[in-house]
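Undergrad: Handing you this structure, nothing more for now.
In this note's numbering, the protein residues as written are 6 to 196.
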């Protein structure tokens with residue numbers, strides 16, 4: 006049964022797990038967060054030859070929908086993350102927090118890597134709507150500029166985080182973020 010509301014249309018209403026974090030500080034257009042450690046299923050491909058987000062998504066989705074050594078279905082989480090480094094593009098799905106690295110079955114697709122990600126701090130800019138190349142590029146440059154102005158040091162390339170299914174969510178209700186991993190800020194939480 007199709008269910009539609011102001012957030013979009015889905016085959017069934019469900020809430021998916023998202024990575025836990027604490028907000029350390031807010032600086033106008035961005036905030037600094039501390040994420041708990043997590044495990045991700047990642048796929049890196051040469052973006053000059055083979056990177057198509059929909060293909061990468063299907064390959065990792067295949068893993069969580071049973072394309073693994075145990076034919077085990079793994080619950081979907083949000084967001085899907087995408088970043089570029091050199092000539093490679095990486096897409097990552099965060100694994101549910103109740104699963105350890107040892108609990109996860111080996112992927113049938115040998116290009117999918119299970120990676121432990123240690124706790125760390127990131128700067129985040131939220132945005133809605135389409136996540137097209139020009140908008141994402143502009144926001145990635147913006148987060149680098151804003152964090153440098155505040156004295157933060159980025160330690161990797163910015164990451165696009167897509168929370169909602171683009172094919173079933175009305176564009177202005179889509180939740181997206183640009184995340185910039187930071188060197189340790191040493192900050193405490195605020196709320």
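Backbone N, C-alpha and C define an ideal beta-carbon position, used for all residues, glycine too.
Counting C-beta neighbours from all protein chains within 10 Å, is the total for residue 74 16 or more, i.e. buried, or is it exposed?
TA: Exposed, because fewer than 16 other Cβ atoms sit within 10 Å of the Cβ of residue 74.
Undergrad: What span of residues does the beta strand (DSSP E) with residue 49 cover, start to end?
TA: 43-51 is the extent of the beta strand (DSSP E) around residue 49.
Undergrad: To the nearest angstrom, how far is it from the Cα of residue 102 to the Cα of residue 147?
TA: Each residue's alpha carbon lies about 31 Å from the other.
Undergrad: Give me the Cα-Cα distance between residue 40 and residue 116, rounded to the nearest whole angstrom.
TA: Going by the C-alpha atoms only, they are around 26 Å apart.
Undergrad: Between residue 80 and residue 69, what straight-line distance do the alpha-carbon atoms span, to the nearest angstrom?
TA: Taking the straight line joining both Cα atoms gives about 7 Å.
Undergrad: Could you compute how far the alpha carbon of residue 178 sits from the alpha carbon of residue 54?
TA: Distance between the alpha carbons of residue 178 and residue 54: 32 Å.
Undergrad: Buried or exposed, going by whether 16 or more other CB atoms sit within 10 Å of the CB of residue 18?
TA: Residue confidence is low: residue 18 scores 46 on pLDDT, short of 50, so the model does not pin down where it sits. No coordinate-derived value is stated.
Undergrad: For the stretch 136-153 and the stretch 95-114, state whether three or more C-beta atom pairs, one from each stretch, are separated by less than 8 Å.
TA: Counting Cβ pairs under 8 Å, fewer than three are found: no touch.
Undergrad: Please classify residue 131: does DSSP put it in a helix, a strand, or coil?
TA: Three-state result, residue 131: strand.
Undergrad: If you reduce the DSSP assignment to three classes, tell me which class residue 185 lands in.
TA: In this structure, residue 185 counts as strand in the three-state DSSP scheme.
Undergrad: Rounded to the nearest angstrom, what separates residue 169 and residue 65 at their Cα positions?
TA: Whole-angstrom Cα-Cα distance: 16 Å.
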